[in-house]
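Heads up, the sequence shown stops at 2012 in the working numbering, and the numbers go up one at a time, no gaps. Have a look at the structure below before the remarks.
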Amino acid sequence: MVTKRDKKEEEDGGNPFQNLDKTSVLQDARTFNDTPVNPRKCTPILTKILFLLNQGEQLGTTEATETFFAMTKLFQSKNAVLRRMVYLGIKELSTLAEDVIIVTSSLTKDMTGREDLYRAAAIRALCSITDASMLHTIERYMKQAIVDKNASVASAALVSSLHLSKTAGDVKRWVNEAQEAINSDSIMVQYHALGLLYHIRKTDRLAVTKLVAKLTRMSLKSPFAVCMLIRIACKQLEREGGDYADSALFDFVESCLRHKSETVIYEAAAAMVNLRNTTARQVSPAVSVLQLFCSSSKPALRFAAVRTLNKVAMTHPPVVTSCNLDLENLITDSNRSIATLAITTLLKTGAESAVDRLMKQIASFVSEISDEFKIVVVQAIRALCRKFPRKHGTLMTFLSAMLRDEGGLEYKASIADTIITIIEDNPDAKEIGLAHLCEFIEDCEHTSLAVRILHLLGKEGPKTVQPSRYIRFIYNRVILENAVVRAAAVSALAQFGAQCPDLLANILVLLARCQMDTDDEVRDRATYYYCILSLQEKVLIKNYIIEPLQVCPVSLEKALVQHLAEKQYEAFDLTSVPFAPIVTPIEESQGNTIAEATSTTGRPVLKAVNNHAERLSLVPQLAGLPGPLFHASEPVELTESETEYVVNCIKFTFPHHLVLQFDIKNTLSDQLLENVRVQIEPSEGWRIVKEVPCPRLPYSETHSAYVILQYPEVLQLTVTNFGATLRFIVKDCDPATGIPDSDEGYDDDYMLEDVEVSISDQMEKVNMDKDMFERAWESSESSYSESEDIYNLPGMSSLDQAVTKVVKFLGLEPVSLGKVQERTSFTLSLPGIFRGGTEFLIRAKLAMGANGVSMQFTARSSSPEVAELICAAVG
């Protein structure tokens, strides 16, 4: 097929389909009904329909059904290109159109026909329209296709079977055919067969053990299948725990280091170094292989090797020392990513005498690499400062030079965090570090960073030998910066006045000048601190400036409501309110816009978490969690209701911790479960604090097990999924009495659905009317950080549907929702509080267009990290 393009389009390299109109394309689709079928006309039209669908164009049910039935007429054509396009069309429209099963017979005919060109595509299309009720009708054909001699047909059948198992039901009866397919000579068929077999058996630990034991004795031809087998073996190793020294599975993984395929060799090496609780001796063979890859002629292998060695250097630095010569050769690698990783690995393993030389080599090309790899360098320097504290001068000089270079907020923040860490860990570095930070805030473009540094200067500056040297830098911010930074500078000046009596007179003069500032927050802070410092009473200064009492606003409100209901005639004890989590400098410096807007008529709306809090307080192992209960989620099912074990999960959010409550029910009358717990596979940055198992779970009873996790410091890592496995000891018992047959049981497990931690689990709604929100939004423009993006909402056929989905996803209370039906645009206003008491405001502008619903999403918060997290989570 040749599509005519004009000369200008060819010069611009434009897309011939970029200006397609859905209505005209669907009208052209009537050509499909012509007799006889004209492939030359129909193929471009079908291509346009597929293009529109893949670009996110939404078809109504009627449109999709009419197009689908017109497309089925094309089965009359023998044209190979058109026929394969029809299969693609069926797959795309199968979820949109009605009565799609009408093409089942045509697809089955092509699937079992002699034309190999059609068979694989027909299998994929047929499986896309198959549901649980139709599964038995195609079972015989699928079993035959799995063991077909044609590799493309067998692979299509295996992959489609895997998809069917997730959507249409159980395919365990196809296990014999999948086992036969594992012996195929095709590397892809072997790989796909192993994937299907493992998916069928993954909930049966004994079956997986037998599968791995059998396959490790075979010589699989497919390197992809061997890689998958390595991953399965490593999962089994971590489940079993204990020492790997006598494990046949570990021996298998180690034997793969001698495989003829580089892909398998690297997979085995990476798997060995990533296993938990390995010793240096067990990791050494993998490191030796990675050392050989460092001198490979292939950049991909060199990068993979040095990246993995970089990880090993964090856990087993002495093992990587033998690779230092090879790593030094990579410093001059033309690929700067490889060079960066090589140097950061050397920084973790090298001697103190080599630090200066390595820092000079980094300086020669650090400006040429991306911010992502600059952050890797900064993290390596942070570790190096802890390892060699005497080198803090050299390292901090290098970091200050990096601060002056161009870079984004995340990059500059990582440098500032590193300098602050060095200052806190090494008293000798305090003066030098503060001096570098003072120079940086003179030209700092990032408000959040300037605020953080000012907070540090107020905390550490008064304790230095010559505190007066920092006053000039701080007061310059009052003159030159925006309101948020000016407010932070006023707070920092107050710290000097409170802790340095010889500077008090000068500080009072500066605070008096700040009382004429144009911003309310700056003036209020200056007046507040001026009045307290003027009294020169040590107790007041200590309690209100140096060590102010900080309570959580949510907890304070709850305590006040309870006090008014029970003891309204008694004095309120402020010390009874739980302390707030440590407030970040960014949060401390910015105004409480929502609090100001709701101070007269509105207040935060708290969910009914009292009952949950009381129940959690009855579990002794959960005592001592810092901060009050902030949010409780609705129960989420982690199993089907008809399974042997029914598990629901409720997520309880605290300021710094997440408590997962697993309500578990045993539906097997002949089993008694003991030591029932849920094993969580934490994502990056998460840390399991404690597991609380259920000691005993008889038949038809529901009891709870708990897992306490600590939230990551990096907010972007808090929205994630956890793998979950139910583990327990089984004791066979008499179904009538429930008494175990013996005191001995056996370990067993049961795979659960992943536990999802969403952004809504960390947010609580706030009740506002429209006027209150508008006041808060206007006042937040200068004091809050903002994050904004534009999104297209797929699958939304109306504005009402889109608004409902956004509100449900965020779990917040919209302001004055009103009527959304029959409107082409709508502005959604959502106030809320993030865990820890951080306030935020959301404004989402939704519009209905030809391509569906588009949304301009804006989040403002007193913390820039919270605003960015909310915006990223929606995307």
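Glycine included, C-beta positions come from ideal geometry on N, C-alpha and C.
Pull up the distance between the alpha-carbon of Leu2006 and that of Thr1477, whole angstroms please. 28 Å
The alpha helix (DSSP H) enclosing Tyr1403, as first and last residue numbers: 1399-1411
Can you tell me which of the three DSSP states Asp1886 falls into? strand
Tell me, please, which residues DSSP counts as bridged to Gly1989. Gly1986
Can you say whether Met1909 is buried or exposed, counting buried as having 16 or more other CB atoms within 10 angstroms of its CB? buried
Rank Ile1518, Tyr1328, His1336, Asn1320 by C-alpha distance to the C-alpha of Asp1307 and give the top, closest one. His1336
Rounded Cβ spacing between Phe1169 and Met1208 (contact assumed at less than 8 Å): 6 Å
Three-state secondary structure (DSSP) of Leu1965: strand
Spell out the partners DSSP gives His1840 in its beta bridges. Ile1801
Thr1961 to Val1296 span [Cα, whole Å]: 42 Å
Can you tell me which of the three DSSP states Ala1769 falls into? strand
Candidates Thr1839, Leu1183, His1793, of which the one nearest Leu1810 by Cα: Thr1839
Can we say the segment 1979-1993 touches the segment 1915-1934, given the rule of at least three CB pairs closer than 8 Å? yes
Using the beta-carbon count (16 or more within 10 Å), is Lys1511 buried or exposed? buried
Relative to the C-alpha of Leu1374, which candidate in Arg1342, Leu1394, Ala1362 has its C-alpha closest? Arg1342
On the three-pair Cβ rule with 8 Å, is the segment 1594-1607 touching the segment 1566-1577? yes
Could you tell me whether the Cβ atoms of Gln1428 and Cys1460 are closer together than 8 Å? yes
Beta-carbon proximity check, Val1815 vs Ala1842, cutoff 8 Å: yes
Give the list of continuous alpha helix (DSSP H) stretches no shorter than 4 residues that lie fully inside the segment 1196-1238. 1198-1209, 1217-1230
Taking the alpha-carbon positions, what's the Thr1855 to Glu1194 distance? 32 Å
Pop quiz: Val1410 and Val1449 are said to be a contact at Cβ under 8 Å. What is the actual Cβ separation, rounded to whole angstroms? 5 Å
Helix, strand or coil at Ser1297 according to DSSP, with G and I counted as helix: helix
Which same chain residues, not among the five before or five after Trp1311, have their C-beta less than 7 Å away from its C-beta? Met1279, Lys1280, Ile1283, Ser1298
Taking C-beta to C-beta, are Gly1948 and Pro1792 nearer than 8 Å? no
Per DSSP, Lys1902 forms a beta bridge with which residues? Gly1969
Does the beta carbon of Ile1866 sit closer than 8 Å to a beta carbon anywhere in chain C? Chain labels in this structure do not include chain C; a single protein chain is all it has.
Since I believe Val1894 is in contact with Lys1788 (beta carbons under 8 Å), could you give me their beta-carbon distance rounded to a whole number of angstroms? 7 Å
Option nearest Ser1806 by Cα separation, candidates Tyr1836, Leu1795, Glu1582: Tyr1836
Cβ pair count under 8 Å reaching 3, the segment 1549-1563 against the segment 1517-1526: yes
Once DSSP output is grouped into helix, strand and coil, what is the label at Ser1922? strand
Quick check: Leu1233 and Leu1196, are their CB atoms within less than 8 Å of each other? yes
Using the C-alpha atoms, what's the distance from Ser1323 back to Thr1204? 38 Å
Please classify Leu1697 as buried or exposed, where buried requires at least 16 other C-beta atoms within 10 Å of its C-beta. exposed
Under the three-state reduction of DSSP, which class applies to Val1894: helix, strand or coil? strand
Endpoints, the beta strand (DSSP E) within which Gly1860 is located: 1857-1869
Buried/exposed call for Arg1589, threshold 16 Cβ in 10 Å: buried
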